[in-house]
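S.K.: Following the working numbering, the numbering of the sequence shown begins with 341 at its first residue and continues without gaps.
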Amino acid sequence: MTQQSLNPSNNDSQDSQALSILKQLHDQQLLIVSQRRNGLILYKRYHAEFAGPGAVVGGLFDLDCQRVLPVGNLSLLSPKSSEERQRAYALRMQWIKLIKNITRRPESLQRAQKILEQFEGFNFKADTIAELPDEAFALLVGVLPHTIRQVRNASNLKG
Numbered sequence: 341m342t343q344q345s346l347n348p349s350n351n352d353s354q355d356s357q358a359l360s361i362l363k364q365l366h367d368q369q370l371l372i373v374s375q376r377r378n379g380l381i382l383y384k385r386y387h388a389e390f391a392g393p394g395a396v397v398g399g400l401f402d403l404d405c406q407r408v409l410p411v412g413n414l415s416l417l418s419p420k421s422s423e424e425r426q427r428a429y430a431l432r433m434q435w436i437k438l439i440k441n442i443t444r445r446p447e448s449l450q451r452a453q454k455i456l457e458q459f460e461g462f463n464f465k466a467d468t469i470a471e472l473p474d475e476a477f478a479l480l481v482g483v484l485p486h487t488i489r490q491v492r493n494a495s496n497l498k499g
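(1) Thinking C-beta only, is Ile439 closer than 8 Å to Leu480?
(2) What number of angstroms, rounded off, separates the C-alpha of Ala428 from the C-alpha of Ile372?
(3) Under the rule that 16 or more other beta-carbon atoms within 10 Å means buried, what is Asp402, buried or exposed?
(4) Taking 8 Å as the threshold (C-beta atoms), are Ile488 and Ala478 in contact?
(5) Report back the beta-carbon spacing between Leu400 and Glu389 to the nearest angstrom; my notes put them in contact at under 8 Å.
(6) Residues bridged to Glu389 by DSSP?
(7) Among residues of its own chain, excluding the 5 on either side of Gln364, which ones have a beta-carbon nearer than 7 Å to its beta-carbon?
(8) Answer yes if the region 416-435 comes into contact with the region 455-465, meaning at least three C-beta pairs across the two stretches below 8 Å, and no otherwise.
(9) Quick one, which of Asn493, Ser360, Glu475 has its alpha-carbon nearest Gln368's?
(10) For Asn347, does the count of other Cβ atoms within 10 angstroms reach 16, so buried, or fall short, so exposed?
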């Protein structure tokens with residue numbers, strides 16, 4: 341695997357790297373999220389998807405991607421074998437199913453709480469989660485950004 345590390349030092353750098361990733365996706369490049377605490381939120385037209393560690397991004401999967409948001413210290417790898425690609429596709433499907441299970445909850449507050457809990461469970465640092473916009477979480481689980489903010493505020497009051 342060839343590694344491409346994306347460690348932004350500021351917002352301009354982060355925006356530039358996000359645009360670079362988006363271009364790679366639109367060019368149908370097939371990449372794999374490295375196996376550490378990182379991931380990529382892929383903004384589609386009406387929702388967002390999360391590709392976590394080990395998941396494939398790009399190819400035909402993400403041609404409709406409109407924006408990306410790196411999570412953590414993102415590192416993308418180029419697969420070197422068909423076995424790597426197959427494992428990465430299977431992992432992408434697992435990430436999709438995980439988020440789908442959260443969206444099946446009938447109450448929007450439950451969905452908001454569960455997505456925030458999941459990201460904590462992925463072992464992302466608290467400041468990494470805090471930096472992610474409410475909109476990103478909202479689009480992942482089909483709630484309004486206000487609902488995410490409400491759950492975050494309630495958590496801050498408890499903590």
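The beta carbon of each residue, even a glycine, is placed where N, CA and C say it ideally should be.
M.R.: Put simply:
(1) Start at 1 with the first residue of the sequence shown, and residue 480 comes out as number 140. Start at 1 with the first residue of the sequence shown, and residue 439 comes out as number 99. Against a cut-off of 8 Å, the Cβ pair of Ile439 and Leu480 comes out as a contact.
(2) To locate residue 428, count along the sequence shown from 1; it is residue 88. To locate residue 372, count along the sequence shown from 1; it is residue 32. Each residue's alpha carbon lies about 7 Å from the other.
(3) Mapped onto the sequence shown, residue 402 falls at position 62. Under this definition Asp402 is a buried residue.
(4) Against the sequence shown, residue 478 aligns to sequence position 138. Against the sequence shown, residue 488 aligns to sequence position 148. Yes, the Cβ-Cβ distance between Ala478 and Ile488 is below 8 Å.
(5) As a working note, residue 400 is residue 60 in the sequence shown. As a working note, residue 389 is residue 49 in the sequence shown. Their Cβ separation, rounded to whole angstroms, is 14 Å, which puts Leu400 and Glu389 out of contact at 8 Å.
(6) Residue numbering aside, residue 389 sits at position 49 when the sequence shown is read from its first letter. Paired residues: Leu382.
(7) As a working note, residue 364 is residue 24 in the sequence shown. Cβ neighbours of Gln364 beyond the five flanking positions: Leu371, Gly398.
(8) no
(9) Reading the sequence shown from its first residue, position 28 is the one you call residue 368. Minimum Cα distance to Gln368 is reached at Ser360.
(10) What you label residue 347 is simply residue 7 of the sequence shown in a count that begins at 1. With a pLDDT of 42 at Asn347, under the threshold of 50, the predicted position of this residue should be treated as unreliable, and no value is reported.
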